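Residue numbers (the numbering used here), protein chains in the order written: chain A, 2 to 306; chain B, 2 to 306.
In this text, a Cβ means the ideal position worked out from N, Cα and C, and glycines have one as well.
All values reported here derive from a predicted model rather than from experimental measurement.
Read the structure below first, then the notes.
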């Protein structure tokens, strides 16, 4: 049974202090699906594009064994477009343009063969759409959800409904503080877990990530990168590596979720090393695992003899 | 042979969103010495106070087996005073007052019995004074140095002279970026190590600490604290725990320095849980080691079978 991924598909125009790129393949479903594809197939991708979405992009997805039966192509319409410009230190960005286009009327339809999926990744889209996806599934056993400040502020009630039905929420530190209305991350994590998710992952960018469960906190380091070219998609790539690893191993124990957080971090470290999806399209499981081992070396210390 | 600590001794007036305290025992030499005292004795403390420095403060130092032969008490003069107010999230503070008093004319004199010390902690004071300390020592084999933005900006040439002669520099992330004039911390670490220190530790507050050597990067997590009452002295306490552990074990291997970074982090986590030095005056090595083990649990993950 495949891993079901639902999210946005976009054409991104991005400028960083180093370079810029126009109409590059992007969107949460794309980053998640490509990242997850290194762990186990097939990935079932659900999303929407216009007929301006190029054959090359579709070929790229298919070359990663991403099943696109759930990809809606709307004739005569345009794909969702996003444009942003990163600041000097890459920690902040301005959104220059958001053209919803086909995304404005998107209604995620889950093909019959996807409906028995046990593993689901709900990419960062309107919680109303996330709920519609959940309603179409038989009985998913591991639902991972991403969201952002825009939905936390604008669709709080709907987001709360989603949170009651997900097993893992993945958000960044500022989103966690906003959602919990609490500046201390450890307290915020308790508040958010009480909203529903059994597990919470808080991404902290260059400072790594935290995984919270009922009785465990796990702190994963960040990979020490000297050159970050484009942070776009890093969070989605993290989510894809995380859920891809859990789907591959079919093991939802806390010790395995820790490894999954590190695989997510490893994938994200590849993502930011190049523009757009270029950092993650030519990988292999072996290379990803080598980087996983570098995370081990980075954080390992021993007790006294 | 004792561990030699040179730094400031202060009476601090501190306000946080939770509480405030007047004329509390503080200063880099005080925090470092108390923290180090849990690892091995004796600690040789060099600093200066006025005759307003209370008997109680001296008794507290002595109760931690801190040798105060190097403590200068200037009759008719006042102890260095610092006053600060922390912001709501405790990550920033305003200095309200700095009265140098006896510190203005401080000339660190190293008593003869201290001069053969092999382990030295140069607390955050004027690099000119740090150099004067180094000149009085026979042949220290492990010199750990702290500094701050004030000296990086104002006494760069003198600081560079110090850096040529230290084995470990401990600074925070913003100081590292300032000293190296480089926003990326991994690049900044290379630049700073080329200035002299074989090892560099970059403290990142609630995000843990990084240890850099020629061929190793080690990432230590931060202890997940729900309540931080007073960050004053946390950096000095980290340094005291770090150097105290290295002095106790007499082992400067990289694997042992990793453990020392975690012991420093453990000590600092106790420091911020209470006001002034209150968080670190009633500890035991056993309690510190228990917290060290919690850091192990917090960051440990295993490779696949």
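Counting only beta-carbon atoms, is residue i nearer than 8 Å to chain A?
| i | result |
| --- | --- |
| residue 117 of chain B | no |
| residue 94 of chain B | no |
| residue 169 of chain B | no |
| residue 263 of chain B | yes |
Assuming the contact rule is C-beta atoms closer than 8 Å, residue i and residue j should be a hit. Round their C-beta distance to whole Å, please.
| i | j | result |
| --- | --- | --- |
| residue 67 of chain B | residue 50 of chain B | Not quite, the Cβ-Cβ distance comes to about 13 Å (not below 8 Å), so this is no contact. |
| residue 134 of chain A | residue 168 of chain A | Not really, about 15 Å apart at Cβ, beyond 8 Å. |
| residue 159 of chain B | residue 179 of chain B | Wrong, their Cβ atoms sit about 16 Å apart, outside the cutoff. |
| residue 65 of chain A | residue 35 of chain A | 5 Å |
| residue 170 of chain A | residue 193 of chain A | 7 Å |
| residue 208 of chain A | residue 205 of chain B | 7 Å |
| residue 120 of chain B | residue 5 of chain B | 7 Å |
| residue 177 of chain B | residue 164 of chain B | Contact flag wrong, Cβ pair sits at about 13 Å. |
| residue 241 of chain A | residue 33 of chain A | 4 Å |
| residue 20 of chain B | residue 271 of chain B | With a Cβ gap of about 17 Å, residue 20 of chain B and residue 271 of chain B do not count as contacting. |
| residue 139 of chain A | residue 117 of chain A | 5 Å |
| residue 84 of chain A | residue 17 of chain A | Not really, about 13 Å apart at Cβ, beyond 8 Å. |
| residue 38 of chain A | residue 248 of chain A | Not a contact, Cβ separation roughly 11 Å. |
| residue 296 of chain A | residue 260 of chain B | At roughly 19 Å, the Cβ-Cβ gap does not stay under 8 Å, so residue 296 of chain A and residue 260 of chain B are not in contact. |
| residue 75 of chain A | residue 103 of chain A | 5 Å |
| residue 246 of chain B | residue 273 of chain B | 19 Å between Cβ atoms; not a contact. |
Using a C-beta to C-beta distance shorter than 9 Å, which residues of chain B count as neighbours of residue i?
| i | result |
| --- | --- |
| residue 173 of chain A | Near residue 173 of chain A there are no residues of chain B at all, since even the closest Cβ is about 13 Å away, more than 9 Å. |
| residue 275 of chain A | Chain B residues near residue 275 of chain A: none, gap ~17 Å exceeds 9 Å. |
Residue i touches chain B at which residues, Cβ-Cβ below 7 Å?
| i | result |
| --- | --- |
| residue 300 of chain A | 220, 300 |
| residue 226 of chain A | 187 |
| residue 244 of chain A | Correct list: empty, because the minimum Cβ distance to chain B is about 17 Å. |
Would you say residue i faces chain B, with C-beta separation under 8 Å as the test?
| i | result |
| --- | --- |
| residue 35 of chain A | no |
| residue 184 of chain A | yes |
| residue 90 of chain A | yes |
Quick one: list the residues of chain A neighbouring residue i, beta-carbon separation under 9 Å, in chain order.
| i | result |
| --- | --- |
| residue 314 of chain B | Look at the range of chain B in this structure, 2 to 306, and you will see that residue 314 of chain B is not part of it. |
Just to make sure I have the definition right: I need the residues of chain A whose C-beta is within less than 8 Å of the C-beta of residue i. Which are they?
| i | result |
| --- | --- |
| residue 205 of chain B | 208 |
Problem set entry | At least three beta-carbon pairs within less than 8 Å, the segment 221-241 of chain A to the segment 190-199 of chain A | no
Exercise. What are the residues of the segment 284-298 of chain A that lie near chain B, defined by any Cβ-Cβ distance shorter than 9 Å?
Worked result: 290, 293, 294, 296, 297, 298
Exercise. Counting Cβ pairs closer than 8 Å, one from the segment 121-134 of chain B and one from the segment 13-32 of chain B, do we hit at least three?
Worked result: yes
Exercise. Can at least three beta-carbon pairs, one atom from the segment 217-232 of chain B and one from the segment 210-222 of chain A, be found at a separation below 8 Å?
Worked result: yes
Exercise. Should the segment 265-273 of chain B be called in touch with the segment 289-298 of chain B, which here means at least 3 C-beta pairs below 8 Å?
Worked result: Contact check between the segment 265-273 of chain B and the segment 289-298 of chain B: three or more CB pairs, one atom from each, fall below 8 Å, which counts as touching.
Problem set entry | Contact list for the segment 122-152 of chain A against chain B, Cβ threshold 9 Å | none
Exercise. Do three or more CB pairs link the segment 5-15 of chain A to the segment 252-259 of chain A at distances below 8 Å?
Worked result: no
For this session: Would you check if there are 3 or more beta carbon pairs closer than 8 Å linking the segment 76-95 of chain B to the segment 51-64 of chain B?
Result: Three or more beta-carbon pairs separated by less than 8 Å link the segment 76-95 of chain B to the segment 51-64 of chain B, which places the two stretches in contact.
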